[in-house]
Amino acid sequence: MLENVKLNLGQLVESDGYFWPIRELSIAVDAFHAISSALELGLFQCLQKPKNPQELARILNLHPGMTEKLCQALTSLGYLTKVEDCYILSEVARTFLIDTSPYYQGNLIRLLKRTQETRWRNLSKALKEGPIEVQAHQDVFDVNFSLAMAEGAVCGSLQKTIRVLRDLPQFQRAKRCLDLGGCHGLYALAFTMINPELSVVIFDLPNVINAVTTKVISGSERIAALAGDFNRDELGDGYDFIFASDVLYMPEAALKALLLKIKNSLNDGGLLISKHYHIDNLKEDSAAVLFDLMFAVTGGGNRIYSTSKFSHFLESCGFSVMRVEDIGNHVSRSKIVIAEKV
Ligand SMILES: C[S@@+](CC[C@H](N)C(=O)[O-])C[C@H]1O[C@@H](n2cnc3c(N)ncnc32)[C@H](O)[C@@H]1O
Numbered sequence: 000m001l002e003n004v005k006l007n008l009g010q011l012v013e014s015d016g017y018f019w020p021i022r023e024l025s026i027a028v029d030a031f032h033a034i035s036s037a038l039e040l041g042l043f044q045c046l047q048k049p050k051n052p053q054e055l056a057r058i059l060n061l062h063p064g065m066t067e068k069l070c071q072a073l074t075s076l077g078y079l080t081k082v083e084d085c086y087i088l089s090e091v092a093r094t095f096l097i098d099t100s101p102y103y104q105g106n107l108i109r110l111l112k113r114t115q116e117t118r119w120r121n122l123s124k125a126l127k128e129g130p131i132e133v134q135a136h137q138d139v140f141d142v143n144f145s146l147a148m149a150e151g152a153v154c155g156s157l158q159k160t161i162r163v164l165r166d167l168p169q170f171q172r173a174k175r176c177l178d179l180g181g182c183h184g185l186y187a188l189a190f191t192m193i194n195p196e197l198s199v200v201i202f203d204l205p206n207v208i209n210a211v212t213t214k215v216i217s218g219s220e221r222i223a224a225l226a227g228d229f230n231r232d233e234l235g236d237g238y239d240f241i242f243a244s245d246v247l248y249m250p251e252a253a254l255k256a257l258l259l260k261i262k263n264s265l266n267d268g269g270l271l272i273s274k275h276y277h278i279d280n281l282k283e284d285s286a287a288v289l290f291d292l293m294f295a296v297t298g299g300g301n302r303i304y305s306t307s308k309f310s311h312f313l314e315s316c317g318f319s320v321m322r323v324e325d326i327g328n329h330v331s332r333s334k335i336v337i338a339e340k341v
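Quick note on numbering that gives the first Met the number 0: the sequence shown kicks off at 0 and runs consecutively.
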């Protein structure tokens, strides 16, 4: 490397060939560590009222010098504000990092950290030795995962999904729906809010239904929970539409079997409303491409499809694709595919 620099030094010192993206990525990783440590140690909760670093360190039983450095870093990132020698939460931290806020992102941050540790850390190993089996598939879906999904939904997907469905005549006419892998129940709650005639069945794994879903839907007379494994159990029937958000990431054979089961559970003319990442363009869909790579590390195989391949599967299973709505942004590449049972 040094030899090459030496050989090209004349040209190098005159050039503007700076390459920032790598440093930007590394600073983002550093910032993520700072935020997730602060969250883990309860620093944000504690700084709802101003404190100096010594006071903060004493309350949280932390090293005072390290605590001051972390407060400085979080201030530089915009999560804390410094007033004289005390630190207090900024507005953004109050909105997204305090667990009484409806926009809280703490469980999502914990899940992202866990994904780094259990999946991304093994990327080189998987490239050398092939995919790694880290955890039995269904164990992934614990309380932290479910709450993280709810926090992700609240940050845009839920709102965008509702905007698409609100204008759909079949949604407005629907009386009965299934939220497949409905987990935290926020979609079901929003559906019943905008369609007063609708009742929803949330289908999910027994541990998710017991630990999360039943708590969220208690008191909602039009929402019921059904525990089971959608690869093995029946889904019920008589549904006007079935909503599936981020649940159909599975190999082709399993996906087609589930699509057929979904079709058989729908009333004639009923809809499957699918909301998933798709890879249609490698550059534009980089969040989905990385998601696909993350699955592959732990033996996920092919689970993320292009919109056209997914539509083709739907058509081969007795659906006609009516509409595709891109509700994504650069960090979330979701598309809603609306397909009618024919
Ligand atoms: C990625 S989460 C999506 C949650 C929610 N639909 C959303 O979009 O926020 C996938 C959900 O599917 C559920 N799930 C996964 N495999 C399942 C299976 N075999 N049977 C029933 N539910 C399953 C998980 O428990 C989890 O709640």
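Glycine is no exception: its CB is placed at the ideal position from the N, C-alpha and C atoms.
List the DSSP bridge partners of residue i.
i, result
"residue 337", "272, 322"
"residue 80", "87"
"residue 244", "274"
"residue 331", "328"
"residue 50", "86"
"residue 238", "265"
CA-CA distance, residue i and residue j?
i, j, result
"residue 138", "residue 17", "45 Å"
"residue 314", "residue 233", "22 Å"
"residue 330", "residue 155", "11 Å"
"residue 175", "residue 189", "14 Å"
"residue 113", "residue 123", "17 Å"
"residue 93", "residue 141", "26 Å"
"residue 239", "residue 318", "14 Å"
"residue 80", "residue 0", "43 Å"
"residue 41", "residue 159", "32 Å"
"residue 248", "residue 58", "44 Å"
"residue 344", "residue 281", "The structure shown does not extend to residue 344, since the chain is modelled only from 0 through 341, so no value can be given for it."
"residue 164", "residue 324", "11 Å"
"residue 222", "residue 193", "14 Å"
"residue 268", "residue 340", "5 Å"
"residue 264", "residue 236", "4 Å"
"residue 199", "residue 26", "44 Å"
"residue 244", "residue 260", "16 Å"
"residue 214", "residue 19", "47 Å"
"residue 147", "residue 53", "32 Å"
"residue 85", "residue 60", "18 Å"
"residue 289", "residue 106", "21 Å"
"residue 293", "residue 83", "44 Å"
"residue 203", "residue 181", "6 Å"
"residue 201", "residue 306", "25 Å"
"residue 31", "residue 266", "46 Å"
"residue 231", "residue 150", "29 Å"
"residue 90", "residue 252", "48 Å"
"residue 97", "residue 22", "29 Å"
"residue 316", "residue 169", "21 Å"
"residue 423", "residue 177", "For residue 423 there is no data in the structure shown, the boundaries of the chain being 0 and 341."
"residue 24", "residue 34", "15 Å"
"residue 103", "residue 296", "29 Å"
"residue 72", "residue 226", "45 Å"
"residue 101", "residue 43", "16 Å"
"residue 218", "residue 75", "44 Å"
"residue 322", "residue 171", "16 Å"
"residue 37", "residue 327", "29 Å"
"residue 55", "residue 95", "20 Å"
"residue 166", "residue 187", "17 Å"
"residue 99", "residue 47", "12 Å"
"residue 77", "residue 108", "17 Å"
"residue 65", "residue 39", "15 Å"
"residue 338", "residue 68", "53 Å"
"residue 131", "residue 125", "6 Å"
Looking at the secondary structure, which residues open and close the beta strand (DSSP E) in which residue i lies?
i, result
"residue 186", "Not the beta strand (DSSP E): residue 186 falls in the alpha helix (DSSP H), residues 185 to 193."
"residue 199", "198 to 203"
"residue 223", "222 to 226"
Assuming residue i is part of the alpha helix (DSSP H), what are its boundary residues?
i, result
"residue 175", "Taken as a continuous stretch (DSSP letters only), residue 175 belongs to no alpha helix (DSSP H), being part of the beta strand (DSSP E) at 175 to 179."
"residue 45", "42 to 45"
"residue 74", "63 to 75"
"residue 216", "213 to 216"
Counting only beta-carbon separations shorter than 7 Å, does residue i have a partner in chain C?
i, result
"residue 1", "The structure shown has no chain C; it contains just one protein chain."
Legend entry - alpha helix (DSSP H) runs contained entirely in the region 260 to 311, provided each spans 4 or more residues: 285 to 296
Inset, instruction - For the region 203 to 215 and the region 272 to 279, state whether three or more C-beta atom pairs, one from each stretch, are separated by less than 8 Å. - result: no
Inset, instruction - Please determine if the region 291 to 305 and the region 243 to 263 are in contact, where contact requires at least 3 C-beta pairs separated by less than 8 Å. - result: yes
Legend entry - 4 or more residues per run - each alpha helix (DSSP H) lying fully within the region 4 to 38: 8 to 13
Legend entry - Continuous alpha helix (DSSP H) assignments of at least 4 residues falling wholly in the region 107 to 174: 122 to 128, 142 to 151, 157 to 165, 168 to 172
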